[in-house]
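Q: Residue numbers (our numbering): 7 to 177. All residues carry an ideal CB built from backbone N, CA and C; glycine is no exception. Just passing along the structure, written as structure tokens.
Right under this line is the structure:
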């Protein structure tokens, strides 16, 4: 009986040693999906020659490792054309490669005597185009225009409301 017990313990011990020596670490090791760095008081300026074309500022910017996008909080975009256009939003994403900026609500665009409000918009820096599919409200000294969707080109200074347009004009 004592011999069987010693044999079983020896067999279990040998099996344990074989398992320990033969163990291969096949476990998948995970790393954080994205590492971030953040900056308080962020600013990018785009110049053509000595003239500033646009300036993007944010209270906070987060850079994700390996990404071409910057996550922004409390955004202001100043576009310099014939007149200064100031776009503000609570948050957004700036794509470094194509100079596109997606802005989230509330979004406000101020130009001369006009104010545009919407929930989100996309600014295409290379085409100088502002677009949204959301409801918009464009307010001027003598008018109020509401509708859904918008396309505005900065260079040509054309604004087009895409659908459900309602306009009121004042004296």
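Can you give me the C-alpha to C-alpha distance between residue 159 and residue 49, rounded to a whole angstrom?
A: Roughly 24 Å between the two C-alpha positions.
Q: According to DSSP, is residue 9 helix, strand or coil?
A: Reduced to three states, the DSSP call for residue 9 is helix.
Q: Does the contact criterion of 3 or more C-beta pairs under 8 Å hold for the stretch 105-114 versus the stretch 128-135?
A: Yes: the two stretches touch, three or more of their Cβ pairs being nearer than 8 Å.
Q: Shortest alpha-carbon distance to residue 43 belongs to which of 70, 52 and 119?
A: Among 70, 52 and 119, the Cα nearest to that of residue 43 is on 70.
Q: For residue 67, does the count of other Cβ atoms within 10 angstroms reach 16, so buried, or fall short, so exposed?
A: By the neighbour-count rule (16 or more Cβ atoms within 10 Å), residue 67 is buried.
Q: For residue 95 and residue 56, I'd like the C-alpha separation in whole angstroms.
A: Taking the straight line from one Cα to the other gives about 28 Å.
Q: Please state if the CB of residue 76 and the CB of residue 84 are separated by a distance shorter than 8 Å.
A: Cβ distance not < 8 Å, so residue 84 and residue 76 don't count as in contact.
Q: Please classify residue 102: does DSSP put it in a helix, a strand, or coil?
A: Three-state result, residue 102: coil.
Q: Let me check one thing: in DSSP terms, what residues is residue 149 bridge-paired to?
A: For residue 149, which the question treats as bridged, DSSP gives the partners 175.
Q: Measure the CB-CB distance between residue 145 and residue 121 and report whether it falls below 8 Å.
A: Yes, the pair counts as a contact, with Cβ atoms nearer than the cut-off.
Q: Return the bridge partner residues of residue 90 from the DSSP annotation.
A: 86, per the DSSP bridge assignment.
Q: Roughly how many angstroms separate the alpha carbons of residue 135 and residue 175, rounded to a whole number?
A: Roughly 26 Å between the two C-alpha positions.
Q: If you scan the stretch 39-88 from start to end, which runs of the beta strand (DSSP E) of 3 or more residues do you find wholly inside it?
A: Those beta strand (DSSP E) runs which fall completely within the stretch 39-88 and span 3+ residues are 42-54, 57-70 and 75-86.
Q: Which word fits residue 37, buried or exposed, when buried means at least 16 other C-beta atoms lie within 10 angstroms of its C-beta?
A: Per-residue confidence for residue 37 stands at a pLDDT of 47, beneath the threshold of 50, marking its modelled position as unreliable; no derived number is given.
Q: Please confirm whether residue 5 and residue 166 have their CB atoms less than 8 Å apart.
A: Residue 5 is absent from the model: the chain starts at 7 and stops at 177.
Q: Quick one: Cα of residue 173 to Cα of residue 116, how far?
A: Approximately 19 Å, taken between the alpha carbons.
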